[in-house]
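Q: Please read through the structure below; I'll follow up with questions.
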Amino acid sequence: MEFNELLYKRRSVRAFTEREVTRGEIDTLLEAATRAPNACNMQSWHFYVVTDGEVRAKFADICATWATTAPVIFVVCTDNEALVGRFGERAKLFTYQDTALAAENLLLAAADMGLNGCFMGAFDAGRCRALLNIPEKHEIVALIPVGEAQTESPLRERKPMSDVVTYIGEAASTVSEARDDRYVLRDTIIKHARFENINMTGVEFDNIKMADGSFNNINMSGVSFSDINMTGAKFGGMCMNKTSFGCVDMREARFDNPDLRGTEFRNCNFSDVKLDGCELSGMTIDGINVAEALEFYRKNK
14 MEFNELLYKR RSVRAFTERE VTRGEIDTLL EAATRAPNAC NMQSWHFYVV TDGEVRAKFA
74 DICATWATTA PVIFVVCTDN EALVGRFGER AKLFTYQDTA LAAENLLLAA ADMGLNGCFM
134 GAFDAGRCRA LLNIPEKHEI VALIPVGEAQ TESPLRERKP MSDVVTYIGE AASTVSEARD
194 DRYVLRDTII KHARFENINM TGVEFDNIKM ADGSFNNINM SGVSFSDINM TGAKFGGMCM
254 NKTSFGCVDM REARFDNPDL RGTEFRNCNF SDVKLDGCEL SGMTIDGINV AEALEFYRKN
314 K
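So the mapping is simple: our numbering equals the position in the sequence shown, first residue as 1, plus 13.
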């Protein structure tokens with residue numbers, strides 16, 4: 014799974030199936046966690062891994078009942094003694110940052126193997142410490158139940174970048190090069206992008222990730238797409254005269270009111286494609302006139 018896909022695969026899950034998580038999978042998750050960036054490489058984390066069913070059941074009194082349905086619960090702790098001894102009390106913040114980074118690595122690794130979890134900051138630390146006999150030097154930072162999700166949760170919207178990002182200085186243009194009056198956009202991620210009222214005439218897109226994008230009222234005459242991920246994209250009000258598509262992933266894409274006259278498709282996968290209210294005159298598939306075939310079918314069914 015590509016990393017850009019993995020970012021959107023991770024979910025916060027609160028209901029799990031009975032599928033067990035193996036020791037090998039747990040070790041893989043812990044290896045991912047301990048590869049996280051950390052202050053001075055002091056690796057100030059410690060993980061308690063709870064797989065015992067009777068012990069997990071008692072977490073209903075520590076955090077939430079749903080957490081007990083997970084086959085494994087990671088109790089993420091920090092041991093700040095070494096860092097505080099070197100940098101003083103302010104180093105406690107470093108150790109919390111270390112464990113947060115480790116937790117994110119763990120959750121991404123879980124998503125990569127078809128699992129998911131939930132980062133929990135609300136819990137009774139005293140009861141957890143008593144239950145697992147955790148020494149005082151290990152401060153409990155978070156709980157992470159992990160397992161196979163019962164259902165796939167929908168992707169939750171994030172705030173627009175304009176609400177959460179402030180640029181200090183000018184960012185480089187996303188157009189990587191210009192050649193013979195043709196703009197070339199290459200090796201770029203444009204997740205959840207929204208394009209409206211734009212003239213893209215003659216632009217060349219190569220190795221672009223623009224899954225879940227939204228395109229509305231766009232002039233794409235003469236545009237070339239190559240090695241593009243447009244999974245889940247939505248298109249409305251498009252002019253695509255003489256547009257070229259090669260190696261484009263458009264699974265679950267939606268087109269509203271497109272004009273595709275004269276379009277040619279080769280070596281395409283149209284499994285589960287739905288056409289509704291479309292003008293098909295002159296359209297052929299493997300040399301068969303679609304409109305004539307449908308008319309023949311209607312008359313003889």
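Where a beta carbon is used, it is the ideal one built from N, C-alpha and C, also for glycine.
Bear in mind the structure is a predicted one, so any value in this text is a computation, not a measurement.
Have a look at L106, I86, A83, V85 and flag the residue whose alpha-carbon is nearest the alpha-carbon of E94.
A: In terms of Cα proximity to E94, the closest of L106, I86, A83, V85 is L106.
Q: How would you call D194, buried or exposed, if buried means at least 16 neighbouring beta carbons within 10 angstroms?
A: With a pLDDT of 49 at D194, under the threshold of 50, the modelled position of that residue is not reliable, and no figure is offered here.
Q: Considering just the uninterrupted stretch of the alpha helix (DSSP H) at R142, what are its terminal residues?
A: Run containing R142: 138-145, per the alpha helix (DSSP H) assignment.
Q: Starting from the C-beta of L293, find all residues in its chain whose C-beta is less than 6 Å away, skip the five residues before and the five after it, and write them out in chain order.
A: V303, A304
Q: Determine the extent of the beta strand (DSSP E) in which R264 is found, giving its start and end residues.
A: Counting along the chain, R264 falls outside any beta strand (DSSP E), and DSSP gives it neither H nor E.
Q: Excluding the five sequence neighbours on either side, which residues of its own chain have a C-beta within less than 6 Å of the C-beta of A46, listed in chain order?
A: A115, N118, L119
Q: Excluding sequence positions up to five away, which residues of its chain have a Cβ less than 6 Å from the Cβ of A138?
A: I153
Q: Using only the alpha-carbon positions, how far apart do V159 and A266 sit?
A: 31 Å
Q: Is it buried or exposed for D285, if we count other Cβ within 10 angstroms and need 16 for buried?
A: exposed
Q: At the level of alpha carbons, what is the spacing between A83 and N146?
A: In a straight line, the C-alpha of A83 is about 21 Å away from that of N146.
Q: Specify, as a first and last residue, the run of the beta strand (DSSP E) that I157 falls within.
A: 152-160
Q: Could you check what DSSP says for V316 in three-state terms: helix, strand or coil?
A: Residue numbering for the chain in the displayed model covers 14 to 314; residue 316 lies beyond these limits and cannot be assessed.
Q: Helix, strand or coil: which one does DSSP assign to N313?
A: For N313, the three-state secondary structure derived from DSSP is helix.
Q: What's the gap between the Cα of L42 and the Cα of L168?
A: 23 Å
Q: Which one or two residues does DSSP pair with M233 in a beta bridge?
A: In DSSP, M233 forms no bridge with anything.
Q: In three-state terms, what does DSSP make of T244?
A: Coil, per DSSP.
Q: Shortest alpha-carbon distance to F228 belongs to which of S237, M213, Y109, E183?
A: M213
Q: Between F218, I39, D176, E165, which lies nearest to R27 when the distance is taken from Cα to Cα?
A: E165
Q: What's the gap between the Cα of F268 and the Cα of M243?
A: Rounded to the nearest whole angstrom, the C-alpha separation of F268 and M243 is 12 Å.
Q: Using 8 Å for Cβ pairs, my map puts F87 next to T81. What's the rounded Cβ distance?
A: Actually they are not in contact, since the Cβ atoms of F87 and T81 sit about 14 Å apart, beyond 8 Å.
Q: Can you check whether the C-beta of F16 is within less than 8 Å of a C-beta belonging to chain D?
A: Judged by its chain identifiers, the structure shown contains no chain D, having just a single protein chain.
Q: Taking the continuous beta strand (DSSP E) assigned at V89, which residues delimit it?
A: For V89, the enclosing beta strand (DSSP E) has its first and last residue at 85-91.
Q: Is the stretch 120-137 touching the stretch 19-36, taking contact as three or more C-beta pairs under 8 Å?
A: Touching, yes, given that three or more Cβ pairs across the two stretches are closer than 8 Å.
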